[in-house]
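In order, the protein sequences belong to chains A and B.
This note's numbering applies: residue 6 is where the first sequence begins, and numbers increase by one.
This note's numbering applies: residue 6 is where the second sequence begins, and numbers increase by one.
Quick reminder that beta carbons are idealized off the backbone N, C-alpha and C, glycines included.
Notes for the one structure printed next.
2 protein chains.
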Amino acid sequence: MNLRQTWETQLMSLCQGTRDYNPKQMAIREKVFNTIISCFKRHGAETIDTPVFELKETLTGKYGEDSKLIYDLKDQGGELLSLRYDLTVPFARYLAMNKITNIKRYHIAKVYRRDNPAMTRGRYREFYQCDFDIAGQYDPMIPDAECLKIVHEILSELDLGEFRIKVNDRRILDGMFAVCGVPADKFRTICSTVDKLDKMSWEDVKNEMVNEKGLSEEAADHIGEYVSLQGGMDLAERLLQDQKLSQSKEACAGLSDMKLLFSYLQIFQVTDKVVFDLSLARGLDYYTGIIYEAVLTQVGVVPAPVSTEAQNGAAEETVSVGSVAGGGRYDGLVGMFDPKSRKVPCVGVSIGIERVFSIMEQKASAEKVRTTEVQVMVASAQKNLLEERLKLTTELWNAGIKAEVMYKKNPKLLSQLQHCEDSGIPLVAILGEQELKDGVVKLRTVATREEV
Amino acid sequence: MNLRQTWETQLMSLCQGTRDYNPKQMAIREKVFNTIISCFKRHGAETIDTPVFELKETLTGKYGEDSKLIYDLKDQGGELLSLRYDLTVPFARYLAMNKITNIKRYHIAKVYRRDNPAMTRGRYREFYQCDFDIAGQYDPMIPDAECLKIVHEILSELDLGEFRIKVNDRRILDGMFAVCGVPADKFRTICSTVDKLDKMSWEDVKNEMVNEKGLSEEAADHIGEYVSLQGGMDLAERLLQDQKLSQSKEACAGLSDMKLLFSYLQIFQVTDKVVFDLSLARGLDYYTGIIYEAVLTQVGVVPAPVSTEAQNGAAEETVSVGSVAGGGRYDGLVGMFDPKSRKVPCVGVSIGIERVFSIMEQKASAEKVRTTEVQVMVASAQKNLLEERLKLTTELWNAGIKAEVMYKKNPKLLSQLQHCEDSGIPLVAILGEQELKDGVVKLRTVATREEV
């Protein structure tokens with residue numbers, strides 16, 4: 006590649022890990038957003054917005070091992086700033102700053118992560134998050150159950166195929182770590198490793214625990230037994246009787262709440278999709294209670310985000326088809342922003358909207374998607390009727406009708422009709438000398454060529 | 006302030022020049038967006054989206070003197086990135102990259118400028134832009150006139166009070182600079198100075214031209230005569246006869262097109278608000294033809310963005326009440342991104358949505374604005390009815406009805422009713438033992454206390 010070519014390529018390129026949305030993609034995006042926002046509104050949520058960048062220290066110490074993925078702005082004099090990494094930390098900062106103790110809000114906006122886009126297919130450095138959170142001191146598990154109800158509603162309405170919602174609780178995980186002999190200061194890092202079970206085999210996960218994180222093989226094997234368990238309310242009941250796990254107060258609290266959660270999920274009619282799964286860990290540091298993640302279970306619907314490590318020798322069945330929603334309870338985060346450490350309990354869910362977009366796009370690739378909503382095209386068969394076309398179009402616009410007219414003095418009728426075909430405009434109003442004299446307009450249905 | 010206080014303040018603060026939107030502000034924002042998007046859709050526009058950051062070189066050399074206000078990202082390894090400064094340059098890059106030669110699109114998104122927020126009131130470092138552009142080779146002034154029609158429709162529908170749309174043409178300005186004796190290499194910088202006439206007195210503008218930019222006093226005075234002129238199609242006709250100005254081919258081309266523009270504006274029924282104003286310059290480098298700016302003319306509606314220089318000794322009447330829309334033709338920008346310099350003529354308009362928000366907010370400050378759309382609150386007067394409340398709420402949600410329920414086992418009826426009052430929920434469904442036995446629900450209209 007010579008210098009000129011390099012320059013040309015640069016002139017026209019986007020930065021790595023980002024993308025434009027074309028009109029067709031935007032039409033799909035709008036449809037998806039409308040479905041999701043309708044659901045959030047049905048559940049009584051308000052919405053807020055926060056800036057795309059925050060003070061660097063606002064984001065510091067909130068994301069554990071992922072903090073290295075935060076984008077910083079250049080120091081151009083003034084404050085040190087970072088691009089938001091998610092919508093949850095800005096939400097917590099917002100609550101603390103405005104001393105808000107209860108709110109049910111959704112927030113749909115872009116977040117930024119310096120991930121390696123080549124390594125993890127389908128992941129972008131700029132992507133939408135779509136969050137619903139309930140903040141406030143309430144009776145246990147009621148708002149938590151509503152979050153799961155919302156995931157169930159949205160995934161059903163979007164019609165993405167079969168899905169499953171895995172739930173677990175950080176208190177159960179921590180109790181499990183404790184009884185398995187993990188030192189307390191290693192809970193979070195071991196938790197991060199367990200979180201990789203959806204992308205890596207147990208062998209690889211165990212390997213990381215023992216060889217990288219210095220856990221004893223015995224403790225790792227203990228963990229391995231627990232994280233293979235899946236079930237429903239019955240599993241929670243059984244584990245409450247488990248000789249080892251029941252020694253942990255924390256685990257017992259988590260297991261009792263899990264039972265309560267399932268009782269509300271029954272009332273909400275969503276237990277068909279929810280599984281209590283002890284291998285679910287979630288990477289983020291700030292969760293304190295219930296955690297959940299929804300995955301699509303129809304293999305092949307969407308390319309799985311397989312990392313190169315997972316591809317090397319990992320068993321097929323351990324590869325997750327793709328998480329499309331996740332969340333949990335984080336009762337300590339708001340307090341981190343409050344000078345008096347006043348806590349505001351929160352629970353929320355984030356819809357993995359980018360994954361949803363790509364599935365919808367794949368589905369729509371065969372169909373024709375309209376990218377405008379134009380109802381009428383104002384056309385003419387004869388020359389020198391620009392003024393009349395513009396006049397009629399003005400009347401239509403002023404009456405609130407979506408109308409288009411070609412920006413040419415003398416366009417060909419064929420090219421005007423072709424435009425209607427291309428962009429799916431259903432009606433065309435055809436002007437002619439005779440019609441103008443009679444004070445009428447010919448209206449043609451594009452599909453049938455019927456005229457009135 | 007002691008160290009601990011500093012730390013506390015930092016914990017809770019936002020970066021300078023940015024702000025959160027609370028639910029009430031978001032409700033207003035949604036209303037404004039809906040009005041604007043409806044108008045764009047009525048005119049047949051599609052929408053696209055581009056990343057919030059672009060390669061640094063994409064933005065380089067597009068914004069003239071304002072380039073210093075571009076936010077750069079920190080070099081964390083990889084490409085050099087900048088936050089978008091407007092939506093026009095990314096649009097041009099998008100067209101070139103995808104070899105699109107005609108499109109009518111709108112784009113609503115946030116842009117970033119390292120402006121001094123303390124000096125210029127009402128200006129933020131992060132703010133929304135709301136752009137409509139028409140790209141393509143068409144007959145002159147038809148798309149240009151449609152842009153002005155759109156501004157007229159939007160400002161009328163938003164009901165912001167009296168407004169005026171100033172129009173001018175870069176070719177008229179350049180022709181004027183030429184006949185006034187401005188050297189060609191100073192056109193753009195003198196143009197930037199003329200652009201300040203809405204914030205500074207003529208005296209200050211002249212001073213900057215002569216003392217800072219090295220223009221002769223004679224040339225400055227010549228310019229001063231022209232830039233005081235305002236009119237309509239008649240002024241364009243008169244200037245075509247102007248002994249000096251008519252010597253410039255460029256000016257004549259601009260003036261002829263101005264006449265043509267006004268003829269289309271008459272058909273579109275918008276000449277009541279449009280003024281041909283020779284003092285309008287617009288700061289950006291990339292305009293090549295028609296330029297325009299809409300200002301609100303009812304003083305006191307909104308705090309004027311008065312810079313400190315302008316306040317010192319500037320005459321009241323020179324202070325603009327506030328630009329709420331602006332745009333123009335930029336036929337060269339797309340070619341800057343194309344390796345073969347293929348031009349795609351473009352014309353567009355940007356709605357000054359942040360200004361619109363603050364006016365709407367001021368208007369709404371007295372009224373009660375609903376921030377949710379909940380139709381029914383499911384309540385109970387007696388204890389131990391949580392399960393029944395949740396069941397009814399589930400039925401409502403499943404039927405697509407916006408419903409809320411309190412996350413308490415035994416909430417007081419009064420606090421449930423109070424929540425309805427506070428958030429404007431019109432109906433409350435009250436459950437009781439007796440009603441459950443009879444298989445009915447009492448439905449109360451909150452405002453009238455009527456029950457059925």
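Give me the chain A residues within the contact set of residue i, using Cβ-Cβ distance strictly less than 7 Å, ordered along the chain.
{"i": "B/LYS407", "result": "LYS46, ARG47 and GLY49"}
{"i": "B/GLU131", "result": "PRO56 and VAL57"}
{"i": "B/LEU64", "result": "Residues of chain A passing the Cβ test: none, with the nearest at roughly 12 Å."}
{"i": "B/PHE362", "result": "Those do not exist, as B/PHE362 stays about 11 Å from chain A at its closest Cβ, beyond 7 Å."}
{"i": "B/LYS115", "result": "VAL57"}
{"i": "B/LEU19", "result": "PRO56"}
{"i": "B/THR399", "result": "ILE272, PHE273 and GLN274"}
Smallest Cα separation from residue i: which of the options?
{"i": "A/PRO416", "options": "A/LYS388, A/GLU70, A/SER355 and A/GLU409", "result": "A/LYS388"}
{"i": "B/LEU100", "options": "B/SER346, B/ALA183 and B/PHE45", "result": "B/SER346"}
{"i": "A/PHE96", "options": "A/TYR335, A/THR399 and A/ALA408", "result": "A/TYR335"}
{"i": "A/TYR297", "options": "A/SER355, A/LEU240, A/PHE342 and A/LEU432", "result": "A/SER355"}
{"i": "B/GLY83", "options": "A/ASP427, A/GLY288, A/ASP262 and A/ASP120", "result": "A/ASP120"}
{"i": "B/PHE137", "options": "B/ILE41, B/GLU213 and B/CYS196", "result": "B/ILE41"}
{"i": "B/LYS254", "options": "B/ALA183, B/SER233, B/THR302 and B/LEU240", "result": "B/ALA183"}
{"i": "B/GLU440", "options": "B/LEU390, B/ARG454 and B/CYS425", "result": "B/LEU390"}
{"i": "B/GLY332", "options": "B/GLU62, B/ALA286, B/SER370 and B/GLN367", "result": "B/ALA286"}
{"i": "B/SER385", "options": "B/LYS407, B/LEU240, B/TYR231 and B/LEU419", "result": "B/LEU419"}
{"i": "A/GLY405", "options": "B/CYS44, B/VAL37, B/MET238 and B/SER268", "result": "B/CYS44"}
{"i": "A/GLU378", "options": "A/LEU19, A/SER18, A/GLN235 and A/GLU35", "result": "A/GLU35"}
{"i": "A/ALA330", "options": "A/GLN421, A/PHE273 and A/TYR133", "result": "A/TYR133"}
{"i": "A/LYS201", "options": "A/LEU74, A/LEU78 and A/VAL210", "result": "A/VAL210"}
{"i": "A/SER197", "options": "A/ASP262, A/TYR291, A/ASN39 and A/LYS442", "result": "A/TYR291"}
Using the beta-carbon of each residue, which ones in chain A are nearer than 8 Å to residue i?
{"i": "B/LYS417", "result": "Chain A residues near B/LYS417: none, gap ~14 Å exceeds 8 Å."}
{"i": "B/LYS414", "result": "ASP144"}
{"i": "B/ILE356", "result": "Simply none; closest approach about 17 Å."}
List the residues of chain A that residue i touches, going by C-beta distances under 9 Å, in chain order.
{"i": "B/TYR76", "result": "PHE58, LEU78, LYS79, GLN81 and LEU86"}
{"i": "B/LYS67", "result": "Those within 9 Å of B/LYS67 in chain A number zero; the least Cβ separation is about 12 Å."}
{"i": "B/PRO148", "result": "TYR412"}
So, are the CB atoms of residue i and residue j less than 7 Å apart?
{"i": "A/ARG394", "j": "A/VAL381", "result": "no"}
{"i": "B/TYR68", "j": "B/TYR117", "result": "no"}
{"i": "A/ASP144", "j": "B/LYS29", "result": "no"}
{"i": "B/LEU165", "j": "B/ILE364", "result": "yes"}
{"i": "B/ILE155", "j": "B/PRO148", "result": "no"}
{"i": "A/ALA299", "j": "A/ILE177", "result": "no"}
{"i": "B/VAL410", "j": "B/THR398", "result": "yes"}
{"i": "B/GLU223", "j": "B/VAL215", "result": "no"}
{"i": "B/ARG376", "j": "A/GLU51", "result": "It should be pointed out that residue 376 of chain B corresponds to Thr in this sequence rather than to Arg. A contact, by the Cβ cut-off of 7 Å."}
{"i": "B/ARG175", "j": "B/THR23", "result": "no"}
{"i": "B/ARG449", "j": "B/GLU438", "result": "no"}
{"i": "B/TYR90", "j": "B/LEU64", "result": "yes"}
{"i": "B/LEU244", "j": "B/LEU260", "result": "yes"}
{"i": "B/LEU240", "j": "B/PHE281", "result": "yes"}
{"i": "B/ASP25", "j": "A/THR106", "result": "no"}
{"i": "B/TRP402", "j": "A/ARG47", "result": "yes"}
Find the residues of chain B that neighbour residue i, judging by a C-beta separation of less than 8 Å, and give them in chain order.
{"i": "A/ASN27", "result": "ILE53 and ASN103"}
{"i": "A/TYR99", "result": "ASP25"}
{"i": "A/MET31", "result": "GLU51, THR52, ILE53 and ASP54"}
List, in order along the chain, the chain B residues whose C-beta lies closer than 7 Å to that of residue i?
{"i": "A/CYS135", "result": "Residues of chain B passing the Cβ test: none, with the nearest at roughly 15 Å."}
{"i": "A/TYR269", "result": "LEU395"}
Given that residue i touches chain B, what residues does it touch there, using C-beta distances under 9 Å?
{"i": "A/PHE192", "result": "Those within 9 Å of A/PHE192 in chain B number zero; the least Cβ separation is about 25 Å."}
* Between the segment 43-59 of chain B and chain A, which residues of the former have CB atoms less than 8 Å from a CB of the latter, in chain order? -> LYS46, ARG47, HIS48, GLY49, ALA50, GLU51, THR52, ILE53, ASP54, THR55, PRO56, VAL57, PHE58 and GLU59
Report task. Select from the segment 382-396 of chain A all residues with a C-beta closer than 7 Å to any C-beta belonging to chain B, and list them in chain order. Result -> GLU392, LEU395 and LYS396
If you measure beta-carbon to beta-carbon, which residues of the segment 365-384 of chain B are closer than 8 Å to chain A?
THR376, THR377, GLU378 and VAL379
**Report entry** Under 8 Å (Cβ pairs) to chain A, residues found in the segment 163-185 of chain B
**Finding:** none
Checklist line | Contact list for the segment 287-298 of chain A against chain B, Cβ threshold 8 Å | finding: none
Interface positions of the segment 194-218 of chain A facing chain B (Cβ-Cβ less than 9 Å), listed along the chain:
none
- Task: List in chain order: all unbroken alpha helix (DSSP H) runs of 4+ residues lying wholly within the segment 316-394 of chain A.
- Result: 358-369
Query - Residue ranges of each beta strand (DSSP E) within the segment 119-150 of chain A, 3 or longer - result: 131-140
Pick out the complete alpha helix (DSSP H) segments inside the segment 48-114 of chain B, 4 residues or longer, and give them in chain order. 61-64 and 93-102
query: In chain order, what residues of the segment 269-283 of chain A put their CB closer than 8 Å to some CB of chain B?
result: TYR269, ILE272, PHE273 and GLN274
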